[in-house]
Structures are given as structure tokens and as C-alpha cells.
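The numbering of the sequence shown is this note's numbering, which starts it at 12 and goes up by one. We put the CB at the ideal spot given by N, CA and C, even for glycine. Fair warning: this is a prediction, and the values are worked out from it, not measured in the lab. Following: one structure in C-alpha cells, then a few remarks.
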Amino acid sequence: MLEKVLSFFYLTDLYKLVLIFMIGSFIGYIVEMLYCYLKNGRFESRKGVIYGPFSPVYGFGAIVFTILLYRLEHFNAFIIFVVSAVVGAIFEYICSFVQEKTIGTISWQYNKTPLNLGGRTSGLYALYWGVLGLIFLRHTLPYIEIKIDEIPTELAILIAFTFGIFITIDLIISALAVRRQSSRAHGKKTRNHIDIFLDKHYPDERLKKIYPNMIVIKKK
């Protein structure tokens with residue numbers, strides 16, 4: 012079974028996308044940390060999962076840009092910028108919507124930003140996505156691809172496979188912990204052993220340190 016999975020990773024080049032996701036998630040975490048320091052004068056947790064220095068929204072963004080924008084590599088910079096801005100804004104809106112509807116929280120709010128769309132994205136951040144997409148497609152992605160190709164294929168597949176398992180478990184635990192935090196905020200008591208486990212190991216105090224900007228949506 013394991014051999015078939017690894018073979019699938021190799022034949023489809025899926026391992027490269029997983030590695031791009033991993034690198035994008037890490038770079039995104041660093042960028043967010045630096046942005047927070049420049050804006051607030053202090054470092055603050057900006058990771059999107061409980062375990063590891065990763066911001067998966069940037070990882071998924073890197074995959075979206077890789078798949079949708081790859082063929083635009085040789086287009087002029089303005090076209091890449093515009094398409095990246097549109098794709099990035101749509102992606103950001105979807106991420107915010109899915110987060111709110113699935114786990115009852117939001118991690119960013121642009122209600123006070125001009126040209127915002129439901130507070131989930133805005134014209135200003137679309138411009139940021141445009142710049143980010145242009146840099147990613149013209150410079151970051153080619154460099155990442157070169158470095159990935161320098162790694163022996165078997166080792167690259169093993170790294171991707173191992174990280175894929177780790178981040179999947181990490182995402183599930185993180186989502187369950189935050190969803191349980193939302194339930195606690197609405198006064199819902201423990202219903203099973205999973206709730207008891209989550210209350211014990213991922214209390215509000217711990218999650219607040221990991222996700223200082225996250226807001227629990229109050230149900231009407």
C-alpha cells in the first residue's frame with residue numbers, strides 16, 4: 012500500500028506540490044511575523060496550525076498560484092499582477108468564508124478597509140495579492156523548483172509524504188480544537204471524550220497565544 016502511494020506521488024509530481032505547500036506555509040508564517048513586528052513593534056504568533064511554524068493559507072495560496080498562474084509565467088508583469096490580484100482576492104474570501112462556516116471563527120476582518128467585500132477581502136489586499144503573485148511566479152516559484160529538483164527524487168518524495176501526513180493531522184487537530192473553543196464560547200458543554208480531550212489539552216488560554224487575532228463569531 013505504501014509503495015503504491017509513493018508511486019502515485021512520483022508519477023503525478025504530487026510531491027512537488029506538497030513541498031511547495033510546505034515551503035509556502037513556512038515563508039508565509041515568516042512574512043506574517045515580520046509584518047506584525049513592523050506594524051506593532053513586537054513579534055506575535057501568526058501560525059495557522061497548533062504544531063509547527065506554518066501558515067497553511069499561504070501554502071494553499073502557493074498551490075493555487077502554481078496551478079492557475081503557471082502558464083502566465085511569460086506574460087507581461089501587468090497581466091500577471093492583475094490576474095494574481097483577482098485570484099488572490101477570491102481565494103482570501105473563500106478561506107474566510109470556509110473558516111467561519113466550518114469552525115465558527117475568523118482570522119482577519121477588513122470592515123474598516125475601503126472597497127472591502129463583506130470584510131473578508133478588500134481592494135487594498137487584492138493589490139497585495141497582485142504583488143505577491145508577481146513575485147511568486149517570476150522569482151520564488153522558479154527558485155523553489157530548482158531547489159526541489161536538486162533533491163534526490165526518492166528523498167523528496169519521502170519528505171513530502173512525511174510532511175503530508177504531519178500537516179494533515181495538524182490541520183485536523185487544529186480545526187477540532189478551534190471548533191471546540193467556539194463551542195465553549197457559546198456555552199456548549201462537553202458531549203464526549205473528544206471534547207474532554209480538547210478542553211484539557213487545548214484550553215482557551217493556549218489557543219489565544221497561538222491565534223491572538225482570531226475572533227469567535229457570536230451566533231445570533
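Checklist line | Other residues of its chain near L135: CB distance less than 6 Å, five sequence neighbours each side excluded | finding: T124
Margin query: Counting C-beta neighbours from all protein chains within 10 Å, is the total for T132 16 or more, i.e. buried, or is it exposed?
Written below: buried
Notebook entry, point to check: Alpha carbon to alpha carbon, what distance is there between T201 and A188?
Noted result: 13 Å
Notebook entry, point to check: Taking the alpha helix (DSSP H) that T201 falls in, what are its first and last residues?
Noted result: Unbroken run through T201: none, as it is neither H nor E.
Margin query: Does I114 pass the burial test, meaning 16 or more other C-beta atoms within 10 Å, or should it be called exposed?
Written below: buried
Check: Using CA coordinates, which residue listed in E165, I38, P153 is at the minimum distance from Y234?
Finding: Since the first residue of the chain shown is 12 and the last is 231, residue 234 is not available in this structure.
Notebook entry, point to check: Do we get a CB-CB distance below 8 Å when we pair L145 with the residues of chain C?
Noted result: Looking for chain C here will not work: only one protein chain is present.
Check: Helix, strand or coil: which one does DSSP assign to V227?
Finding: strand
Notebook entry, point to check: Out of C47, T77, I226, which has the shortest C-alpha to C-alpha gap to T151?
Noted result: T77
Notebook entry, point to check: What separation, rounded to the nearest whole angstrom, lies between the Cα atoms of T179 and K219?
Noted result: 22 Å
Next item on the list: Below 8 Å on the Cβ atoms is my guess for G144 versus V98; work out the distance and round it to an integer in Å.
Entry: 7 Å
Checklist line | Cα-Cα separation between I228 and N122, rounded to whole angstroms | finding: 15 Å
Item checked: Sub-8 Å separation of S56 and I221 beta-carbons -> yes
Note to self: I need the DSSP call for T124, collapsed to helix, strand or coil.
What the structure shows: coil
Item checked: Where S107 falls: helix, strand or coil (DSSP) -> helix
Margin query: With H, G and I counted as helix, E and B as strand and the rest as coil, what does DSSP make of I78?
Written below: helix
Notebook entry, point to check: In angstroms, rounded to a whole number, what distance separates the CA positions of G198 and T116?
Noted result: 15 Å
Next item on the list: Confirm, please, whether the CB-CB distance from L148 to I91 is below 8 Å.
Entry: yes
Item checked: Status (buried if at least 16 other CB within 10 Å, exposed otherwise) for R191 -> buried
Check: Looking at the unbroken alpha helix (DSSP H) that takes in P153, where does it start and where does it end?
Finding: 152-161
Next item on the list: Classify S194 as helix, strand or coil using the three-state DSSP reduction.
Entry: helix
Check: In terms of DSSP beta bridges, what is I117 paired with?
Finding: I226
Item checked: Check whether L138 and A73 have beta carbons under 8 Å apart -> no
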